[in-house]
Amino acid sequence: MAIDKIVIVGGGTAGWMAAATLSRLKKGRELSITLVESEAIGTVGVGEATIPPFVDFNQLLEIDEREMLAASQGSFKLGIQFVNWGAVGDSYIHPFGNYGYQIGAMSFHHVWHYMKTRGDNRPIQVFNAETMAAYFGKFARTADTKREDLPPINYAYHLDAGRYAAFLRKYAEGRGVVRQEGKVSDVTQHAETGDIASVTLEDGQVIGGDLFIDCSGFRGLLIEQTLKTGYEEWTHWLPCNRAVALPCNRDDGSPPAPFTRATAHSAGWQWQVPLQHRNGNGHVYCDAFMEADEATDILVGNLAGKPTADPNHLRFVTGRRKKFWNRNVVALGLSAGFMEPLESTSIHLINTGLTKLIAVLSLDGITDAQRETFNRLTGTEYRRIRDFLILHYNTTTRDDSEFWNYCRNMSVPDSLTERVALFQETGQIFREEDELFTETSWAAVMMGQGIDMKGHNAMAETLDMAATKSELDEIEKSIRFLVQHMPAHRDYLSKYCPAP
Ligand code: FAD
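Numbering (the UniProt record's numbering), first residue to last: 1 to 500.
So this is what it looks like as structure tokens:
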């Protein structure tokens, strides 16, 4: 059956990202796109930290970065700082971008480790521009620095989720997407195929479609409540199941940091996302180890300023839908699955879900090959991200609470065990199956968690010590010079994309 009508159920970040992206399909063919959302139900209202591919997503939509950041009072993000994860008192940055660059066809951390074994005690962080800029609260884009001799500066955004959705709504409506306010109260399926035929709103209005995008949030209105697709739970590996979110002002006068902070507490962790006008904050925790009141108290006790809203309590179950595309329904966002926001991957998964959907979609009709490819690739993506998140919990030395004792001792997927063991023995990390996280990401988190490399690529031993030392000196010096001449992040924001 040809696709002439697309219905998106849900107007959170996922719904409006889908609407904005799909509205661009209209150029080739007349296509009706309707988005149904219910103000009475509202959106999850969190989800404000992103990762670098999100910059490409906005570019794909030809969105003006300055305009979008100003409208969503956003800021720049160079990485994530993890505090108290490997041990209480520890801190490290998982940076966007790479440590140094390849030397002798080897990833930089092998060369760094080789030099370390020969007495060079410089921390690996001094060879990463994003980390150094983050520590000094600086920011500039590659286009500003004009340093073609250095790798580009990788960045993402912190965004006010509500304002970003409103920005995308304007974009999508301007391209013909029709927004329908109302609560879906009934769903009709085709008798022979079981495909969704239409959704009915509380006021009786019936909206029919050929392809449905389920962006209805955790409830999974179409993918689960109607199609009973099933959910694969990962709570034994990612046990946190609650969050309390609470934005605050920055009346301590601190500037917006160009990074997200994830501070571990006794039964979970707290995020701090600095926007231009406020900080987004939240405490993700596991209710088997902590009560809601205690989680809220810990959060309130660790804010940079006064709360600007009431605490928003959320429940979730980590895992994924057994199929992301079932019949004529594609689930995106929270209806597809949930892994906690430790590495800011949820909006990313919406983005890659849409990129894959556009790549395989044919408006002439849905085929099994499309569905199966989409499901297989998305499943792999989820699994790879899952392993990376488990790494943060499992490779800790913390023994100060029942929660951390559980995490430290839990059994983890074989794929992760193997990866950690290989890194410990040889420093090798193989980026597999087009996975999101780079060698630097894995190395940064493993070393940050306290896992030491015992060895390195044997080819490093063939490097000339003096020449390698001067190459490292040059990288370090260039990065220091670059960062020294970058403006403060706050100044950059007020010049580049001030809130209107
Ligand atoms: P929602 O925002 O819940 O939207 C659901 C929509 O469906 C709403 O418009 C609602 O009105 C509509 N709807 C539901 N039922 C009906 C109905 N019957 N009729 C009509 N409309 C209906 N992601 C990141 O990338 N970075 C982060 O830092 C991050 N932090 C997070 C922190 C927490 C605690 C949580 C829970 C999530 C976080 N996420 C983060 C995930 C991110 O918030 C979501 O991926 C993103 O907001 C997308 O949500 P959504 O649009 O799928 O769902």
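Backbone N, C-alpha and C fix where the C-beta goes; we use that ideal spot for every residue, glycine too.
The model shown is predicted, which means the values in this text are computed figures rather than measured ones.
### Candidates 152, 347, 406 and 360, of which the one nearest residue 239 by Cα
By alpha-carbon distance to residue 239, the top candidate from 152, 347, 406 and 360 is 406.
Heavy atom of the ligand FAD within 7 Å of residue 245 beta-carbon: Closer than 7 Å to some heavy atom of the ligand FAD: that describes the Cβ of residue 245.
### Query
With residue 255 and residue 490 assumed to form a contact (beta carbons below 8 Å), what rounded beta-carbon distance in angstroms separates them?
Their Cβ separation, rounded to whole angstroms, is 4 Å, which keeps residue 255 and residue 490 in contact under 8 Å.
| field | Spatial distance of residue 6 from residue 14 (CA atoms) | value | So the two alpha carbons sit approximately 15 Å from each other.
Check your understanding: Does the region 292-309 come within contact of the region 227-245, defined as at least 3 CB pairs closer than 8 Å?
Key -> Judged by Cβ distances under 8 Å, the region 292-309 makes contact with the region 227-245, as three or more pairs qualify.
**Request:** Pick helix, strand or coil for residue 412, following the three-state DSSP scheme.
**Result:** In the three-state reduction of the DSSP assignment, residue 412 falls in the coil class, being assigned neither a helical nor a strand state.
key: Every unbroken alpha helix (DSSP H) within the region 295-368, with a cutoff of 4 residues, ordered by chain   = Qualifying alpha helix (DSSP H) stretches, in chain order: 346-360.
Problem - Proximity below 8 Å, CB of residue 543 to CB of residue 237 - result: Residue 543 is absent from the structure shown; the chain starts at 1 and stops at 500.
Three-state secondary structure (DSSP) of residue 485:
Of the three classes helix, strand and coil, the one that applies to residue 485 here is coil, per DSSP.
Q. What's the gap between the Cα of residue 186 and the Cα of residue 209?
A. Each residue's Cα considered, the two are about 14 Å apart.
Q | Own chain residues within Cβ distance below 8 Å of residue 149, not counting five before or after | A | Cβ within range, chain order: 478.
message: Assuming residue 351 and residue 76 are in contact, meaning their beta carbons sit under 8 Å apart, how far apart are those beta carbons, in whole angstroms?
response: With 8 Å as the limit, residue 351 and residue 76 do not qualify as a contact, their Cβ atoms being about 18 Å apart.
How big is the Cα-Cα spacing for residue 142 and residue 52? Taking C-alpha positions only, residue 142 is separated from residue 52 by approximately 14 Å.
- Query: Does the distance from the CB of residue 103 to the CB of residue 474 come in under 8 Å?
  - Reply: Not a contact, by the Cβ cut-off of 8 Å.
If we ignore side chains and look at the alpha-carbon of each, how far apart do residue 374 and residue 348 end up?
-> Between the C-alpha atoms of residue 374 and residue 348 there is a straight-line separation of about 16 Å.
- Query: Would you say the region 210-217 touches the region 325-339, given that touching needs at least three Cβ pairs under 8 Å?
  - Reply: Taking a cut-off of 8 Å for Cβ pairs, the region 210-217 and the region 325-339 touch, as three or more such pairs fall below it.
- Message: Please report the distance separating the alpha-carbon of residue 221 from that of residue 446.
- Response: Counting only the Cα atoms, residue 446 lies some 38 Å from residue 221.
Which of the three DSSP states is assigned to residue 442 in this structure? Annotated three-state conformation of residue 442 is helix, per DSSP.
- Task: Keeping to the same chain, check which residues put their C-beta closer than 8 Å to that of residue 438; ignore five residues upstream and five downstream.
- Result: Sequence-distant Cβ neighbours of residue 438 in its own chain, meaning closer than 8 Å and more than five residues away, are 98 and 431.
Span separating the alpha-carbon of residue 345 from that of residue 50:
Answer to the nearest angstrom: the Cα atoms are 7 Å apart.
* Any heavy atom of the ligand GDP closer than 7 Å to the Cβ of residue 161? -> Annotation note on the ligand GDP: not contained in the displayed structure, which lists the ligand FAD as its ligands.
Given residue 11 as reference, the closest of 179, 122 and 4 once Cα atoms are compared: Here the closest residue by C-alpha is 179.
* For residue 461, collect the residues of the same chain with a Cβ closer than 8 Å to its Cβ; drop the 5 residues on either side in sequence, then sort them by chain order. => The answer, listed in chain order, is 114.
- Query: Less than 8 Å separating the beta-carbons of residue 155 and residue 96?
  - Reply: In this structure, residue 96 lies closer than 8 Å to residue 155 by Cβ.
Check: Which of helix, strand or coil does DSSP assign to residue 152?
Finding: For residue 152, the three-state secondary structure derived from DSSP is coil.
Quiz item: At a cut of 8 Å, does the region 197-204 reach the region 297-305 through at least three beta carbon pairs?
Solution: Remark: fewer than three beta-carbon pairs, one from each stretch, lie closer than 8 Å, so the region 197-204 and the region 297-305 are not flagged as touching.
In terms of residues, what are the limits of the beta strand (DSSP E) holding residue 110?
Judged by DSSP secondary structure, residue 110 falls outside any beta strand (DSSP E) and instead within the alpha helix (DSSP H) spanning 108-117.
Just to confirm my understanding: we take residue 194, look at its own chain, exclude 5 residues before and 5 after, and list those with CB closer than 7 Å. What are they? Answer for residue 194: 327, listed in chain order.
request  = Write down every uninterrupted run of the alpha helix (DSSP H) in the region 33-72 whose length is 4 residues or greater and which is fully enclosed by it, in chain order.
outcome  = Those alpha helix (DSSP H) runs which fall completely within the region 33-72 and span 4+ residues are 53-60 and 65-71.
Note to self: Please determine whether the Cβ atom of residue 392 lies at a distance below 7 Å from any heavy atom of the ligand FAD.
What the structure shows: Distances from the CB of residue 392 to the heavy atoms of the ligand FAD are all 7 Å or more.
- Query: What does a CB cutoff of less than 6 Å around residue 341 pick up in its chain, not counting 5 residues either side in sequence?
  - Reply: Closer than 6 Å at Cβ, skipping near neighbours: no residue.
Looking at residue 357 and the ligand FAD, is the gap between the Cβ and the nearest heavy atom below 7 Å?
At a cut-off of 7 Å, the beta-carbon of residue 357 does not count as near the ligand FAD: no heavy atom of the ligand is closer than that.
Taking the Cβ atom as the reference point for each residue, do residue 160 and residue 73 lie within a distance shorter than 8 Å? Yes; because the gap between Cβ atoms is below 8 Å, this pair is in contact.
Item checked: Assumed close pair residue 29, residue 363 - CB separation to whole angstroms, cut-off 8 Å -> Going by Cβ atoms, the distance from residue 29 to residue 363 rounds to 6 Å, so yes, they are a contact pair.
Would residue 9 and residue 184 be called neighbours here (beta carbons separated by less than 8 Å)?
In contact: residue 9 and residue 184 (Cβ atoms closer than 8 Å).
Nearest-angstrom Cα distance between residue 260 and residue 454? CA-CA distance, residue 260 to residue 454, rounds to 30 Å.
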